[in-house]
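Asks:
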Amino acid sequence: MAEPRRVALGWTLGLWLGLAAPAAAQPAATVNVIPAPLSVAAVPGDAAPVRLANGAVILVPAGDAEALRTARYLSDLTRRTRGLNLPVWVGGHPSAVAITLARSPALQGEAYSLEVSSAGVRITAGADAGLFYGAVTLWQLITADGGRGPAALAPVRIDDAPRFAWRGLMIDSARHFQPPAEIEKLIDAMALHKLNVLHWHLTDDQGWRLQILKYPRLTEVGAWRKPQAGSPDGTARYGGFYTQAEVRQVVAYAAARHVTIVPEIEMPSHALSALLAYPRFGAGAAPARADQPKWGGFPYVYNVDDKTFGFLEDVLTEVMALFPGRYVHVGGDEAERERWNAAPAAQARMHELGISDPAALQAYFTHRTARFLEAHGRRLVGWDEILQGGELPADAVVSSWHGIDGGLAAAAKGHDAVLAPAPIFYFDNRQGLDPAEPPGRGWLVRLQDVYGFEPLPPTLPAATAAHILGVQGNVWTEHVRTSADLEAMAFPRAAAVAETAWSQPQRKDWAGFFRRLPAELARERALGLNADPAAVSVLIAPGPGLGVTLAGPAGLGEVRYTTDGSEPRATSMIYDQPITVAGPTALKATLFLDGVRVGPTLARDIDASGLSSRASQELKLCNDKLSLNLEGAPGAGRRTYLVNPADPCWIFTGVDLDRTRTVAVSFERLPFNFGLDPGHNTVMVHPSRRAAGELEVRQDSCTADPLVVASLPPGHPGSRTELRLKLPVVSGRHDLCFTFTGRGYDPVPSIDRVRLLSGPLPGRSK
Ligand code: TNX
Numbered sequence: 001m002a003e004p005r006r007v008a009l010g011w012t013l014g015l016w017l018g019l020a021a022p023a024a025a026q027p028a029a030t031v032n033v034i035p036a037p038l039s040v041a042a043v044p045g046d047a048a049p050v051r052l053a054n055g056a057v058i059l060v061p062a063g064d065a066e067a068l069r070t071a072r073y074l075s076d077l078t079r080r081t082r083g084l085n086l087p088v089w090v091g092g093h094p095s096a097v098a099i100t101l102a103r104s105p106a107l108q109g110e111a112y113s114l115e116v117s118s119a120g121v122r123i124t125a126g127a128d129a130g131l132f133y134g135a136v137t138l139w140q141l142i143t144a145d146g147g148r149g150p151a152a153l154a155p156v157r158i159d160d161a162p163r164f165a166w167r168g169l170m171i172d173s174a175r176h177f178q179p180p181a182e183i184e185k186l187i188d189a190m191a192l193h194k195l196n197v198l199h200w201h202l203t204d205d206q207g208w209r210l211q212i213l214k215y216p217r218l219t220e221v222g223a224w225r226k227p228q229a230g231s232p233d234g235t236a237r238y239g240g241f242y243t244q245a246e247v248r249q250v251v252a253y254a255a256a257r258h259v260t261i262v263p264e265i266e267m268p269s270h271a272l273s274a275l276l277a278y279p280r281f282g283a284g285a286a287p288a289r290a291d292q293p294k295w296g297g298f299p300y301v302y303n304v305d306d307k308t309f310g311f312l313e314d315v316l317t318e319v320m321a322l323f324p325g326r327y328v329h330v331g332g333d334e335a336e337r338e339r340w341n342a343a344p345a346a347q348a349r350m351h352e353l354g355i356s357d358p359a360a361l362q363a364y365f366t367h368r369t370a371r372f373l374e375a376h377g378r379r380l381v382g383w384d385e386i387l388q389g390g391e392l393p394a395d396a397v398v399s400s401w402h403g404i405d406g407g408l409a410a411a412a413k414g415h416d417a418v419l420a421p422a423p424i425f426y427f428d429n430r431q432g433l434d435p436a437e438p439p440g441r442g443w444l445v446r447l448q449d450v451y452g453f454e455p456l457p458p459t460l461p462a463a464t465a466a467h468i469l470g471v472q473g474n475v476w477t478e479h480v481r482t483s484a485d486l487e488a489m490a491f492p493r494a495a496a497v498a499e500t501a502w503s504q505p506q507r508k509d510w511a512g513f514f515r516r517l518p519a520e521l522a523r524e525r526a527l528g529l530n531a532d533p534a535a536v537s538v539l540i541a542p543g544p545g546l547g548v549t550l551a552g553p554a555g556l557g558e559v560r561y562t563t564d565g566s567e568p569r570a571t572s573m574i575y576d577q578p579i580t581v582a583g584p585t586a587l588k589a590t591l592f593l594d595g596v597r598v599g600p601t602l603a604r605d606i607d608a609s610g611l612s613s614r615a616s617q618e619l620k621l622c623n624d625k626l627s628l629n630l631e632g633a634p635g636a637g638r639r640t641y642l643v644n645p646a647d648p649c650w651i652f653t654g655v656d657l658d659r660t661r662t663v664a665v666s667f668e669r670l671p672f673n674f675g676l677d678p679g680h681n682t683v684m685v686h687p688s689r690r691a692a693g694e695l696e697v698r699q700d701s702c703t704a705d706p707l708v709v710a711s712l713p714p715g716h717p718g719s720r721t722e723l724r725l726k727l728p729v730v731s732g733r734h735d736l737c738f739t740f741t742g743r744g745y746d747p748v749p750s751i752d753r754v755r756l757l758s759g760p761l762p763g764r765s766k
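FYI, the numbering used here numbers position 334 of the sequence shown as 334, with every residue one higher than the one before it.
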């Protein structure tokens, strides 16, 4: 079996690009557009496709600067994604016009209509945003066949408008930093999905990313951290920040694409980097540099004295000058507010307010900040913890992440809310089971899970529903280190968010979305996005016995495969039951939909050793209360490990012990950089006999007496080791449980792969 490769996501889409969707003529009732438009209808009497070749003209009215900007954007887009040149003309054109952008006061805001007929293509809207979204839809029609050059469009009439006003994506630039150009690339991609709110998470314990002129140390000190030994970030200092000039440019870039940026400045907690720069504004524990490269919850909170509020107001003043949108997010999540109980200034404030509950003090914090923002014409947004400790400021908006109940409760009381429930809208989670998926959290959040979310329960009163501003996907980046991985985590899941946010519920259906997905992935690729093909990929699992099981997305399309090394075609065998192989076999499998190839080819050499080897992602975690897909140390052959660092224990199911004499277990020691919440994800230390710890192997149950125990050789974070353990003679099929013992898990040994070896011990252990 081939070793998992991170580059496996870089499959050659070109192979199936030309085939991604059946030819250009699309039936009028559905169009290959995401998000699905409100209404799609045939154009009476028109049947012949409209051809758009190089030189086809886009015409805008004279004196309409915004229409001109949108026309130029469309022209640029078709050139860079399809190599199709559509020149823009203003006012009139001597000969035929292919595409016309027009204004109509009958349409408002983001609404538009688009007609493709023998008279050409006409996009009509009242407002700039509507015109822009009409152009985006046209671009999607032009690119629906995944090809290059001229396009043929079926006649169609589209009338469209969004369901929700807030169609969001959150990018965490604090845990890992993305250069401004990457943020702009994401904004461009958002706009092309009709997403219109970028919630930009700019500050957190691990980094302060926004230049504040009055407090230069926020970035001089707070933007940089020293990663721990063995961390994926390497040993140099890690960090970066956005200068105010860069932010202004990003804001303008977003505005031109009808994307509003909601900046987030975290308070009263998630503030370690700020407090390292200005410890005088802290309460509770003294800020510790050593915590800055760790993930998790920390005991550092801002103080509640006037000078700290003065500092925060100064910061927010600069933030408001940079970000013209109405909303300013001030975090509010996961504050260890009990820390205020031991801080004299906080105690004095509580005394003055006549409160004894630190939650009420956080409510005071929120109100005071909301009043300040309101006085400047802005609205406070906060995570759903701002609902605790007292009444919410009337104008405040809740980002609901502990499920949707907080958001719905706030809406019932007349507050606005945005729904971003964990885990399904948390795009730091894996979207597929393949060992080559990017690092992140280990829970599975597939594209169809995201798509299946309906924000408004049917019993919700209309007056409450009116306060749900929309939905938002969140890309937290503790474990998402690179731009390529960030794009893979965000796309195509952002397309599912877009359809939930834009399309009416009756226009949504997973099978229909899935049919539009190949074209969607092709567009994302054409934009240079590293979209994750997990939703159209074939998964391979060893077993049962000497066989392999293949799986595609449930009930959609068919898996076709070959065993002679050739590329699967529309006529190749359809997979319908586990494949049993007699000898070494080169298996290739691909997902097809209606005879058209829609995903990458999975290629595996199946032989006895391949079948009896599992990567950590193919094992089961004994305890998945915490599940992370963690990247190892940098260097050649950098790997990703599925591990619960609070309980390093894995199960290899159904091992044929009659054939297995030895197990070879390779593992890497990962730095334990987690500030785990006490009592939440309690570290389950399995006590060791020796300081370096042991690997214990058990049969059937993880609490039985071990079959075999091996001492771990000493090793530092980042070091990789393989242990070979000879098993006693046991017969039958059994689960094997692999547990690391220790006197603590720093570093935490993380299994890379378990191989089952038969016969006498081959070779010696490394
Ligand atoms: C919780 S959601 C957090 C973030 C983490 C995220 C990881 C929220 C408001 N806080 O600090 O990055 O979980 O999934």
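Where a beta carbon is used, it is the ideal one built from N, C-alpha and C, also for glycine.
#1: Out of S95, D128, A615 and V97, state which residue places its alpha-carbon closest to the alpha-carbon of G109.
#2: Would you call Q577 buried or exposed, if buried means 16 or more other Cβ atoms sit within 10 Å of its Cβ?
#3: Could you spell out where the alpha helix (DSSP H) holding D64 opens and where it closes?
#4: Starting from the N-terminal side, write out each stretch of the beta strand (DSSP E) that is 3 residues or longer and does not extend beyond the region 311-353.
#5: Determine the extent of the beta strand (DSSP E) in which Q178 is found, giving its start and end residues.
#6: Considering only residues of the region 31-97, which uninterrupted beta strand (DSSP E) runs meet the minimum length of 3 residues and lie entirely inside it, listed in chain order?
#7: Between the beta-carbon of A535 and the beta-carbon of L447, is there less than 7 angstroms?
#8: Mark R51 as exposed unless 16 or more other C-beta atoms lie within 10 angstroms of its C-beta, in which case mark it buried.
#9: Is D485 near the ligand TNX, judged by its Cβ being under 6 angstroms from some heavy atom?
#10: To which residues does DSSP link V643 through a beta bridge?
#11: State the Cα-Cα distance for the pair N474 and D291, rounded to the nearest angstrom.
#12: Using the C-alpha atoms, what's the distance from I540 back to K307?
#13: Could you give the distance in angstroms between the alpha-carbon of L628 and the alpha-carbon of W443?
#14: Measure the CB-CB distance between D416 and H402 and report whether it falls below 7 angstroms.
#15: Give me, in chain order, the residues of the same chain whose beta-carbon lies closer than 8 angstroms to that of S356; leave out the 5 immediate sequence neighbours on both sides.
#16: Pair every Cβ in the region 254-267 with every Cβ in the region 322-331, then say whether three or more of these pairs are closer than 8 angstroms.
#17: Go to P518, then tell me how far its alpha helix (DSSP H) extends in each direction, as first and last residue.
#18: Less than 6 angstroms between C-beta atoms, sequence neighbours within five positions excluded: which residues of the same chain meet that for T739?
#19: For L84, tell me which candidate among F241, T143 and T640 has the shortest Cα-Cα distance.
#20: For the beta strand (DSSP E) containing G473, name the first residue and the last one.
#21: Pull up the distance between the alpha-carbon of V767 and that of F514, whole angstroms please.
#22: Could you tell me the distance, in whole angstroms, from the CA atom of G555 to the CA atom of D607?
#23: Report the three-state DSSP secondary structure of T260 (helix, strand or coil).
#24: Please state whether the Cβ-Cβ distance between W89 and V57 is less than 7 angstroms.
#25: Can you look up Y426 in the DSSP assignment and give me helix, strand or coil?
#26: As an exercise, report each continuous alpha helix (DSSP H) stretch of at least 4 residues that is fully enclosed by the region 206-253, in chain order.
#27: What whole-angstrom Cβ distance do E694 and S688 have, given they're in contact under 8 angstroms?
#28: How would you write the range of the alpha helix (DSSP H) that G610 sits in, first residue to last?
#29: Beta carbon of D428: closer than 6 angstroms to some heavy atom of the ligand TNX?
#30: Just to check my reading of the structure: A494 and L169 have Cβ atoms closer than 8 angstroms, yes? What is that Cβ distance to the nearest angstrom?
#31: Let me know if A135 comes out buried or exposed under the rule of 16 or more other beta-carbons within 10 Å of its beta-carbon.
#32: Using the rule of at least 16 other Cβ atoms within 10 Å of the residue's Cβ for burial, across every protein chain shown, is N530 buried or exposed?
#33: With respect to the alpha helix (DSSP H) encompassing Q140, which residues constitute its N-terminal and C-terminal limits?
#34: Using C-beta distances below 6 angstroms, list every residue in its chain close to A359, excluding the 5 sequence neighbours before and after it, in chain order.
#35: What separation, rounded to the nearest whole angstrom, lies between the Cα atoms of S758 and Y745?
#36: Say the cut is 6 angstroms; is the CB of D333 nearer than that to a heavy atom of the ligand TNX?
Replies: Let me lay it out:
#1: Position 109 of the sequence shown, counting from 1, holds the residue named residue 109. Considering only alpha carbons, the answer is D128.
#2: Start at 1 with the first residue of the sequence shown, and residue 577 comes out as number 577. In summary, Q577 is exposed, with fewer than 16 beta-carbon neighbours lying within 10 Å of its beta-carbon over all protein chains present.
#3: Against the sequence shown, residue 64 aligns to sequence position 64. Taken as a continuous stretch (DSSP letters only), D64 belongs to no alpha helix (DSSP H), as it is neither H nor E.
#4: Scanning the region 311-353 from its first residue to its last, the whole beta strand (DSSP E) runs of 3-plus residues come out as 327-331.
#5: As a first step, residue 178 must be located in the sequence shown, where it is residue number 178. That residue, Q178, is in no beta strand (DSSP E); it is neither H nor E in DSSP.
#6: Taking 3 residues as the shortest admissible run, the region 31-97 contains the following complete beta strand (DSSP E) segments, listed from N- to C-terminal end: 39-41, 50-52, 58-60 and 88-90.
#7: For the purposes of this step, residue 535 is taken as residue 535 along the sequence shown, with counting starting at 1. For the purposes of this step, residue 447 is taken as residue 447 along the sequence shown, with counting starting at 1. Yes. Within cutoff.
#8: Here residue 51 is taken as the residue at index 51 of the sequence shown, counted from 1. With fewer than 16 Cβ atoms within 10 Å of its Cβ, R51 is classed as exposed.
#9: Position 485 of the sequence shown holds residue 485. Checking the Cβ of D485 against the ligand TNX gives no.
#10: The residue you call residue 643 lines up with position 643 of the sequence shown. Residue pairing from DSSP places V643 in a beta bridge opposite L628.
#11: For the purposes of this step, residue 474 is taken as residue 474 along the sequence shown, with counting starting at 1. For the purposes of this step, residue 291 is taken as residue 291 along the sequence shown, with counting starting at 1. So the two alpha carbons sit approximately 24 angstroms from each other.
#12: Taking the first residue of the sequence shown as position 1, residue 307 is located at position 307. Taking the first residue of the sequence shown as position 1, residue 540 is located at position 540. Each residue's alpha carbon lies about 59 angstroms from the other.
#13: Along the sequence shown, read from residue 1 onward, the residue named residue 628 stands at position 628. Along the sequence shown, read from residue 1 onward, the residue named residue 443 stands at position 443. If I take the Cα positions, the gap works out to 8 angstroms.
#14: Taking the sequence shown and counting its residues from 1, one reaches residue 416 at position 416. Taking the sequence shown and counting its residues from 1, one reaches residue 402 at position 402. For D416 and H402, no; Cβs fall outside 7 angstroms.
#15: In the sequence shown, residue 356 corresponds to position 356, counting from 1. For S356, where only same-chain residues beyond five positions count, the Cβ hits under 8 angstroms are M350.
#16: The region 322-331 and the region 254-267 touch, with three or more beta-carbon pairs separated by less than 8 angstroms.
#17: In the sequence shown, residue 518 corresponds to position 518, counting from 1. Residue range W510 to A526 is occupied by the alpha helix (DSSP H) that includes P518.
#18: In the sequence shown, the residue the question calls residue 739 occupies position 739. Excluding sequence neighbours, T739 sits near C649, H686 and E696.
#19: Taking the sequence shown and counting its residues from 1, the one referred to as residue 84 is at position 84. Here the closest residue by C-alpha is T143.
#20: In the sequence shown, residue 473 corresponds to position 473, counting from 1. Where G473 is concerned, the enclosing beta strand (DSSP E) stretches over I468 to V475.
#21: The displayed coordinates of the chain run from 1 to 766. Any statement about residue 767 would go beyond what the structure contains.
#22: Counting from 1 along the sequence shown, the entry for residue 555 is found at position 555. Counting from 1 along the sequence shown, the entry for residue 607 is found at position 607. So the alpha carbons of these two residues sit roughly 29 angstroms apart.
#23: For the purposes of this step, residue 260 is taken as residue 260 along the sequence shown, with counting starting at 1. In the structure shown, T260 falls within a strand segment according to DSSP collapsed to helix, strand and coil.
#24: Working through the sequence shown from its first residue, we reach residue 89 at position 89. Working through the sequence shown from its first residue, we reach residue 57 at position 57. Note that the C-beta distance between W89 and V57 is below 7 angstroms.
#25: Counting from one through the sequence shown, the residue named residue 426 turns up at place 426. Strand, per DSSP.
#26: Entirely contained in the region 206-253, the alpha helix (DSSP H) runs reaching 4 residues are, in chain order, 217-220.
#27: Locating residue 694 in the sequence shown gives position 694, where the first residue counts as 1. Locating residue 688 in the sequence shown gives position 688, where the first residue counts as 1. In this structure, E694 and S688 form a Cβ contact; the two beta carbons are roughly 5 angstroms apart against a cut-off of 8 angstroms.
#28: Looking up residue 610 in the sequence shown gives position 610. The continuous alpha helix (DSSP H) containing G610 extends over residues A608 to L611.
#29: Here residue 428 corresponds to residue number 428 of the sequence shown, with the count starting at 1. Indeed, a heavy atom of the ligand TNX lies less than 6 angstroms from the Cβ.
#30: As a first step, residue 494 is located in the sequence shown; it is residue number 494 there, counting from the start. As a first step, residue 169 is located in the sequence shown; it is residue number 169 there, counting from the start. That belief holds up - the Cβ atoms of A494 and L169 are roughly 6 angstroms apart, short of 8 angstroms.
#31: Taking the sequence shown and counting its residues from 1, the one referred to as residue 135 is at position 135. Classification of A135: buried, given that the 10 Å Cβ count is 16 or more.
#32: For the purposes of this step, residue 530 is taken as the residue at position 530 of the sequence shown. By the neighbour-count definition (other C-beta atoms within 10 Å, threshold 16), N530 is a buried residue.
#33: Along the sequence shown, read from residue 1 onward, the residue named residue 140 stands at position 140. For Q140, the enclosing alpha helix (DSSP H) starts and ends at D128 to I142.
#34: Translated into the one-based positions of the sequence shown, residue 359 becomes position 359. So the qualifying residues of the chain are Q388 and G389.
#35: Along the sequence shown, read from residue 1 onward, the residue named residue 758 stands at position 758. Along the sequence shown, read from residue 1 onward, the residue named residue 745 stands at position 745. Between S758 and Y745, the alpha-carbon positions lie close to 32 angstroms from each other.
#36: The residue you call residue 333 lines up with position 333 of the sequence shown. Yes.
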